[in-house]
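Residue numbers (the working numbering), protein chains in the order written: chain A, 1 to 390; chain B, 1 to 235.
The C-beta atom is built at its ideal place from N, Cα and C for all residues, glycine as well.
Every value quoted in this text rests on a predicted model; they were computed, and no experiment measured them.
Here's the structure we're looking at; comments come further down.
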Amino acid sequence: MGWLNSLQRRTPLGWLQLSRHKGRLLVALSGIAFADLLMFMQLGFQESLYESNTQIRAALDADLILASPKAETTQKLSTFSRRRLYQAQDVPGVASARALYSNNINWNHPETNEEASLQVMGFDPDYPAFNLPEMNAQLYRVKIPDVMLFDRLARGDYQQTIAQIENQQWVSTEAEGRTLSVRGVFSLGASFGADGLLVTSSQNFLQLFPRRDPGSVSIGLLHVEPGYDPEQVAQALQDHLPDDVEAMTLDDFIQDELEQIQTESPIGFIFTIGAAMAFVVGVVIVYQVLSTDVNAHIKEYATFKAMGYRHSYLLTIVIEESLIMAFLGFIPGLLLPMGIYQVAANATALPIYMTLNRAATVLAMTIIMCLFSGAIATRKLQSADPADMF
Amino acid sequence: MPSPQPVIAIHNLGHAFGRGEQRKQVLFDIALNIKAGEIVLMTGPSGSGKTTLLTLIGGLRHVQSGSLKFLGQELCGATAEDLVQARRQTGYIFQAHNLHESLTARQNVRMGLEVHPQYSVEKMSMLAAEMLDLVGLGERLDHYPDQLSGGQKQRVAIARALVSRPKLLLADEPTAALDSKTGRDVVTLMQHLAQNQGCTILLVTHDSRILDIADRIVHMEDGVLKHNTPANAVH
């Protein structure tokens, strides 16, 4: 308990020095808050990129997935032979195996008449492909030719269109030379890769893309019989089926896309660089403030040494200041991005929000940032030598 | 308060700055003994090595050659930790007050106690207030240095140096930044307090008006401690 006692006896010099110069402290705190804000924005966008791109996969209603080994992101799924689905049903434990067709489509924006890029997915409406009750309740409509359901959270100025559809006034538009009728909305969300999702029946999908072979499916959605372990069934499928198709659990399928974006796309790298730059900006600002403070007190520090204080005592002053600035600066640095996340989420239709994880990460980075600056600033303490100073 | 052992015993002390061709000897064969309770003034032109000798005695510099015993402990060849301990036994007063601008008078004085682990928080606060009362600043405990006059600041510095009852008080031209009346008051106060505590004083000064407080005056010139006369011989 010796250290506790000495902590209690200790004059809180770091705090007293910082709070004596309110202006300087305020500059330091706004600098840290700014660095935190930048880090939060970079990490927020990065995570929302990942999350938005996996939200289609995460909404799939399946235990196991069959996909082409060439599949990359949900926008680049590639195809495999429908025969694999029938062969999959031979494997014990597989309850059902159904096809999902996916493609990108340009449609005429119903309000502006400009071309907009969407993703369209087709499946058997008797067997819902998604875990979205709102969508599933309206699937009977897509049995009518050229009828689609649309993502309410799609990016773009669709407010009027969606309001119309919600009032049961069907909206018609044109794509791939066909007239489409949008007769329902559901909530999923835009991603970096696609502005929104249209769903329809397999028949409608294949009519929309006449050159698409019905035997080439994008994803196989498999359900497992009760009592079977999906992992083991996936392994059995992999052993049973040729190498032109991969079997995996839904979680692995989602994870796969995450890794795709993280490693294959430059976006993750760009955001990491952005966060690192924010960190450097923070280090520079905090270092400026701390080194100014050390210089301003170098005579007092030398006096303390002459009084019998050790060098380590001076180090603790700088460390104390670093930690105080880290925690105080983090408060506005946390609150500000929460507001900006809200604005960004509304503007981009991306799922950007504060997470406990990210807050903890940025807090840890803030502490490291301030301690790092403090560590550089302590080098100036070497000149606090009472023998040379007086 | 006479004691058999001198507070400071210096023999054959030399000191040089720089190395190689740049090496410059600043102290030559210094010998000086100071008994407990004695007040010794050191005079001499600037650059004669007075401050260097003072920093050696105060443990602010490593002793290079000869012998310097502080309270019986040899400082020649002492470790950094030995020097830290020696500094804690010494009160130091500088030309400038060197108070911490972010601390109140009482907090500044408290810093003189915080290095000594034996004082509790309450005790430190109480002793600091008492000491400030003794230097006549009992009404200004919570003033910051920039709210005090030059003389008041130097009195806070004296309180800080003496609050832990050091065996030795070293003062390097403590009146240099003060007008003559204030300087005289500050030195008288220092003398008075130190004598009450039985504290030995070694004071470097140019100020001829304060020579009368000394028991003994030594004169430094070109790194040599020239004459070593009792103060009454000067008058």
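Listed by position along chain A, the residues whose Cβ is nearer than 7 Å to that of B:N12 form an empty set, because the closest Cβ is around 21 Å away. With respect to chain A, the C-beta atom of B:E130 has no partner C-beta closer than 8 Å.
Neighbourhood of B:T188 in chain A, by CB distance below 7 Å: empty, with the nearest CB roughly 23 Å away. The stretch 54–91 of chain B is shown to contain whole beta strand (DSSP E) runs of 3 or more residues at 65–70, in chain order.
With 16 or more other Cβ atoms from the protein chains shown falling within 10 Å of its own Cβ, A:M41 counts as buried. Against chain A, the beta carbon of B:L60 has neighbours under 7 Å at A306, P386, A387, listed in chain order.
DSSP places A:Q207 within a helical segment (H, G or I) once states are collapsed to three. Just so you know, the alpha carbons of B:G66 and B:N33 end up roughly 14 Å apart. Across the stretch 186–210 of chain B, no CB contact with chain A closer than 8 Å is found for any residue.
Under DSSP, the beta-bridge partners assigned to A:V147 are A:S181.
Look at B:V135 here: in three-state DSSP terms it is coil, with no helix or strand label.
Boundaries of the beta strand (DSSP E) harbouring B:G14: 8–17, taken from the DSSP string.
Where B:R23 is concerned, there is no enclosing beta strand (DSSP E), because DSSP gives it neither an H nor an E.
Around the beta carbon of A:S102, 16 or more other beta carbons sit within 10 angstroms, so the residue counts as buried.
Residue B:V109 holds the alpha-carbon nearest to the alpha-carbon of A:T11 among B:V109, B:K24, B:R184, B:A86.
Between A:L290 and A:S383, the C-beta spacing is not below 8 Å. It is roughly 14 Å from the alpha-carbon of A:L180 to the alpha-carbon of A:G122.
Taking a cut-off of 8 Å on C-beta distances, the stretch 206–221 of chain B touches the stretch 37–45 of chain B, as three or more cross pairs fall below it. Taking each of B:G138, B:R19, B:T175, B:Y92 in turn and checking the Cα distance to B:G150, the smallest one comes out for B:T175.
Put simply, the backbone Cα of A:N167 is about 18 Å away from that of A:A154. When the Cα atoms are used, B:G138 and B:L132 turn out to be separated by approximately 5 Å.
Apart from the 5 residues on each side of it in sequence, A:G268 sits with its Cβ closer than 7 Å to the Cβ of Q46, I261, Q262 in its chain, given in chain order.
Take A:S202, set aside five residues on each side of it, and the residues of its chain with a beta-carbon closer than 8 Å to its own are A99, Y101, G122, F123, D124, P214, in chain order.
Residue state for B:K226 is assigned as strand, using DSSP reduced to three classes. Exposed is the label assigned to A:W170, since fewer than 16 other Cβ atoms lie within 10 Å of its Cβ. Looking at the backbone, the Cα of A:V362 and that of A:G156 are separated by about 32 Å. The C-alpha of A:I32 lies about 15 Å from the C-alpha of A:L18.
Not flagged as an interface residue toward chain B: A:L335, since no C-beta distance is shorter than 8 Å.
Residue-level contact by beta carbon holds for B:T55 and chain A, with a gap shorter than 8 Å. B:H206 places its beta carbon less than 8 Å from that of B:E173.
By the Cβ-count criterion, A:M365 is buried, with 16 or more other Cβ atoms from all chains shown falling within 10 Å of its own Cβ. DSSP places A:G122 in the uninterrupted beta strand (DSSP E) bounded by 115–123.
One alpha carbon belongs to B:R19, the other to A:A278, and they sit about 47 Å apart. Counted as a single uninterrupted DSSP element, the beta strand (DSSP E) harbouring A:Y101 occupies residues 94–108. Of the residues assessed, A:E174 falls on the exposed side of the cut-off, its CB having fewer than 16 other CB atoms within 10 angstroms.
As DSSP reads the structure, A:I65 sits in a beta bridge with A:L221, A:M248.
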